[in-house]
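Numbering (our numbering), first residue to last: 1 to 153.
Single-structure report; data block below.
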Amino acid sequence: MSIILTAPGPELRLLVSLAAWTWPGTGPDGHEVAHILITHTPAPTGPGTIEARVRRLSDSLGSLAGSREVVPELDRCLQIVGDQVLVHFPGASRTLRLPTRRSWTGLVARNGEAVLLLGLDPLPQTADAARLDTYLDAALTADRLLFGRARTR
(Lines of atoms letter the chains of each structure in order from A and count residues from 1; the text may use other names and numbers.)
(Lines give C-alpha, C1' and ligand atoms only; values in the text may rest on other atoms or scores of the structure.)
Protein backbone atom coordinates (compact mmCIF):
# COMPACT_ATOMS: atom_id res chain seq x y z
CA MET A 1 0.00 0.00 0.00
CA SER A 2 1.25 3.48 -0.86
CA ILE A 3 0.54 6.59 1.12
CA ILE A 4 0.87 9.99 -0.47
CA LEU A 5 1.41 12.83 1.93
CA THR A 6 0.26 16.24 0.82
CA ALA A 7 0.88 19.47 2.61
CA PRO A 8 -2.26 20.96 4.12
CA GLY A 9 -3.56 24.16 2.60
CA PRO A 10 -3.22 27.53 4.28
CA GLU A 11 -5.07 27.95 7.56
CA LEU A 12 -8.02 30.33 7.71
CA ARG A 13 -6.05 32.39 10.25
CA LEU A 14 -3.36 32.97 7.62
CA LEU A 15 -5.84 33.86 4.88
CA VAL A 16 -7.54 36.53 6.98
CA SER A 17 -4.16 38.07 7.86
CA LEU A 18 -3.29 38.76 4.22
CA ALA A 19 -3.39 42.12 2.46
CA ALA A 20 -3.68 42.46 -1.32
CA TRP A 21 -3.28 45.10 -4.02
CA THR A 22 -3.91 44.97 -7.76
CA TRP A 23 -2.79 47.21 -10.62
CA PRO A 24 -2.17 47.14 -14.37
CA GLY A 25 1.38 47.45 -15.66
CA THR A 26 3.57 46.72 -18.62
CA GLY A 27 5.42 43.44 -19.06
CA PRO A 28 8.93 43.01 -20.50
CA ASP A 29 7.38 42.47 -23.93
CA GLY A 30 5.55 45.81 -23.78
CA HIS A 31 2.09 44.27 -23.38
CA GLU A 32 -0.27 45.28 -20.58
CA VAL A 33 -0.13 42.89 -17.61
CA ALA A 34 -2.30 42.60 -14.50
CA HIS A 35 -0.35 42.50 -11.22
CA ILE A 36 -1.33 41.18 -7.79
CA LEU A 37 0.68 41.77 -4.62
CA ILE A 38 -0.16 39.73 -1.55
CA THR A 39 1.56 40.37 1.76
CA HIS A 40 1.02 39.53 5.37
CA THR A 41 -0.32 42.30 7.58
CA PRO A 42 1.92 43.40 10.47
CA ALA A 43 -0.55 42.10 13.09
CA PRO A 44 0.60 39.12 15.17
CA THR A 45 -1.04 35.93 13.91
CA GLY A 46 0.26 33.06 15.97
CA PRO A 47 3.20 30.69 15.70
CA GLY A 48 5.80 30.90 12.94
CA THR A 49 7.48 33.85 11.37
CA ILE A 50 5.70 35.92 8.75
CA GLU A 51 8.25 34.87 6.13
CA ALA A 52 7.76 31.17 6.93
CA ARG A 53 3.99 31.56 6.66
CA VAL A 54 4.23 33.35 3.30
CA ARG A 55 6.65 30.71 2.00
CA ARG A 56 4.12 28.00 2.99
CA LEU A 57 1.52 29.97 1.04
CA SER A 58 3.90 29.97 -1.94
CA ASP A 59 4.37 26.21 -1.59
CA SER A 60 0.61 25.66 -1.61
CA LEU A 61 0.44 27.45 -4.99
CA GLY A 62 3.27 25.36 -6.44
CA SER A 63 6.36 27.27 -5.29
CA LEU A 64 6.80 30.75 -6.66
CA ALA A 65 10.25 31.94 -7.77
CA GLY A 66 12.64 34.69 -6.76
CA SER A 67 13.31 37.69 -8.97
CA ARG A 68 16.36 36.10 -10.63
CA GLU A 69 14.63 32.82 -11.49
CA VAL A 70 12.25 31.77 -14.23
CA VAL A 71 8.74 32.81 -13.24
CA PRO A 72 6.66 29.63 -12.94
CA GLU A 73 3.17 29.19 -14.32
CA LEU A 74 0.90 28.32 -11.42
CA ASP A 75 -2.09 26.03 -11.48
CA ARG A 76 -5.34 27.77 -12.31
CA CYS A 77 -5.86 29.69 -9.09
CA LEU A 78 -7.74 32.82 -10.23
CA GLN A 79 -11.49 32.84 -10.58
CA ILE A 80 -13.51 35.71 -12.02
CA VAL A 81 -17.03 36.07 -10.65
CA GLY A 82 -18.71 39.15 -12.11
CA ASP A 83 -16.43 42.08 -11.28
CA GLN A 84 -14.67 40.15 -8.52
CA VAL A 85 -11.45 38.17 -8.80
CA LEU A 86 -10.76 35.45 -6.25
CA VAL A 87 -7.51 33.61 -5.50
CA HIS A 88 -7.91 29.95 -4.63
CA PHE A 89 -5.17 28.37 -2.53
CA PRO A 90 -5.17 24.56 -2.91
CA GLY A 91 -6.31 22.90 0.29
CA ALA A 92 -7.80 26.07 1.77
CA SER A 93 -11.45 26.20 2.74
CA ARG A 94 -11.84 29.81 1.57
CA THR A 95 -10.69 32.04 -1.27
CA LEU A 96 -9.03 35.44 -1.08
CA ARG A 97 -11.04 38.23 -2.68
CA LEU A 98 -8.81 40.75 -4.43
CA PRO A 99 -9.40 44.49 -4.55
CA THR A 100 -10.40 45.20 -8.14
CA ARG A 101 -11.55 47.80 -10.61
CA ARG A 102 -13.56 46.91 -13.67
CA SER A 103 -10.65 47.74 -16.03
CA TRP A 104 -8.24 45.52 -14.08
CA THR A 105 -10.73 42.63 -13.97
CA GLY A 106 -11.21 43.02 -17.73
CA LEU A 107 -7.44 42.83 -18.24
CA VAL A 108 -7.28 39.58 -16.24
CA ALA A 109 -10.18 38.18 -18.27
CA ARG A 110 -8.56 39.12 -21.60
CA ASN A 111 -5.09 37.83 -20.70
CA GLY A 112 -6.29 34.82 -18.73
CA GLU A 113 -3.59 35.48 -16.13
CA ALA A 114 -1.91 37.94 -13.78
CA VAL A 115 1.58 38.24 -12.34
CA LEU A 116 1.35 37.25 -8.68
CA LEU A 117 3.87 38.70 -6.24
CA LEU A 118 4.12 37.45 -2.68
CA GLY A 119 5.89 39.86 -0.35
CA LEU A 120 7.97 38.20 2.36
CA ASP A 121 7.75 41.26 4.61
CA PRO A 122 4.56 42.64 6.16
CA LEU A 123 2.68 45.64 4.78
CA PRO A 124 -0.58 47.02 6.16
CA GLN A 125 -3.63 46.97 3.89
CA THR A 126 -3.89 50.73 4.49
CA ALA A 127 -0.65 51.41 2.57
CA ASP A 128 -1.13 54.07 -0.10
CA ALA A 129 0.41 54.09 -3.59
CA ALA A 130 3.62 55.85 -2.46
CA ARG A 131 4.19 53.38 0.38
CA LEU A 132 3.40 50.49 -1.95
CA ASP A 133 6.00 51.72 -4.48
CA THR A 134 8.59 52.08 -1.70
CA TYR A 135 7.78 48.56 -0.47
CA LEU A 136 8.09 47.07 -3.97
CA ASP A 137 11.41 48.85 -4.66
CA ALA A 138 12.91 47.73 -1.34
CA ALA A 139 11.58 44.16 -1.62
CA LEU A 140 12.86 43.78 -5.18
CA THR A 141 16.31 45.13 -4.24
CA ALA A 142 16.53 42.79 -1.23
CA ASP A 143 15.08 39.81 -3.17
CA ARG A 144 12.08 39.65 -0.79
CA LEU A 145 9.41 39.02 -3.45
CA LEU A 146 8.27 35.71 -4.90
CA PHE A 147 6.78 35.65 -8.42
CA GLY A 148 4.39 33.43 -10.32
CA ARG A 149 2.00 33.59 -13.28
CA ALA A 150 -1.48 32.98 -11.87
CA ARG A 151 -3.99 31.78 -14.46
CA THR A 152 -7.76 31.93 -14.51
CA ARG A 153 -9.81 28.79 -13.96
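A virtual CB, placed ideally from N, CA and C, is assigned to each residue, including glycine.
Model, not experiment: these values are computed from the prediction.
DSSP state of residue i, grouped into three classes?
i           : result
residue 152 : strand
residue 126 : coil
residue 52  : helix
residue 106 : helix
residue 16  : helix
residue 142 : coil
Going by the DSSP bridge assignment, what does residue i pair with across the sheet?
i          : result
residue 95 : 88
residue 26 : 32
residue 81 : 84
residue 73 : 149
residue 37 : 21, 117
Chain C beta carbons: is any one of them nearer than 7 Å to that of residue i?
i           : result
residue 151 : Chain labels in this structure do not include chain C; a single protein chain is all it has.
Once the 5 residues before and after residue i are set aside, which same chain residues still bring their CB inside 8 Å of it?
i           : result
residue 15  : 89, 92, 94, 96
residue 129 : none
residue 26  : 32, 33
residue 75  : 61, 62, 90, 151
residue 78  : 85, 86, 87, 88, 108, 113, 114, 150, 151, 152, 153
Could you work out which residue in the options is closest to residue i when comparing CA atoms only?
i           : options            : result
residue 50  : 144, 149, 150, 153 : 144
residue 104 : 117, 77, 123, 84   : 84
residue 36  : 53, 109, 100       : 100
residue 17  : 30, 152, 123       : 123
residue 136 : 55, 59, 67         : 67
Give me the Cβ distance between residue i and residue j, rounded to the nearest whole Å; I'm assuming they're in contact under 8 Å.
i           : j           : result
residue 150 : residue 116 : 4 Å
residue 61  : residue 148 : 6 Å
residue 65  : residue 146 : 7 Å
Considering only residues of the same chain and omitting the five flanking positions on each side of residue i, which have a CB-CB separation below 7 Å?
i           : result
residue 107 : 24, 32, 34
residue 80  : 105, 108, 109, 152
Please go through the same chain and pick out, in chain order, the residues whose beta-carbon is closer than 6 Å to the beta-carbon of residue i, but skip the five residues on each side of it.
i           : result
residue 29  : none
residue 38  : 18, 20, 118
residue 121 : 144
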